[in-house]
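Position 15 of the sequence shown, counting from 1, maps to 15 under UniProt numbering, and the rest follow consecutively.
Backbone N, C-alpha and C fix where the C-beta goes; we use that ideal spot for every residue, glycine too.
Worksheet: the structure to be examined is printed underneath.
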Amino acid sequence: INEINVYINDPIRSKFSLYWKNSDLYCLKGVVKRAFSIQAASAPIERVFSQAGIIMSPRRTSMNEEVFKSLVFLRVNQNMI
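Structure (structure tokens):
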């Protein structure tokens, strides 16, 4: 929580990438790195499709689209929660 307050109150005067490269906000830096990294392979999207297939089972065919999207998002990002 303290790092979030520091970031919110920090007048950013540099480019996004330079700010985080030089930042002392180590916890937030890790989150930003994971959230904004570009994947070099197709494995991450394959993992998303795999998780979506597990979630959308024959017993859950009446699930609405928003619930499905939310469940996939939470399942794929559970290590960040």
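9 Å Cβ cutoff met for residue i and residue j
i	j	result
residue 75	residue 45	no
residue 35	residue 63	no
residue 51	residue 72	yes
For residue i, the three-state DSSP class (helix, strand or coil)
i	result
residue 41	coil
residue 12	coil
residue 17	helix
residue 74	helix
residue 64	coil
Proximity to residue i [Cα-Cα], best of the options
i	options	result
residue 29	60, 52, 7	7
residue 17	33, 39, 61	33
residue 82	12, 78, 5	In this structure the chain extends from 1 to 81, so residue 82 is not present and cannot be described.
residue 139	61, 21, 25	This structure gives no information on residue 139, because the portion of the chain shown stretches from 1 to 81.
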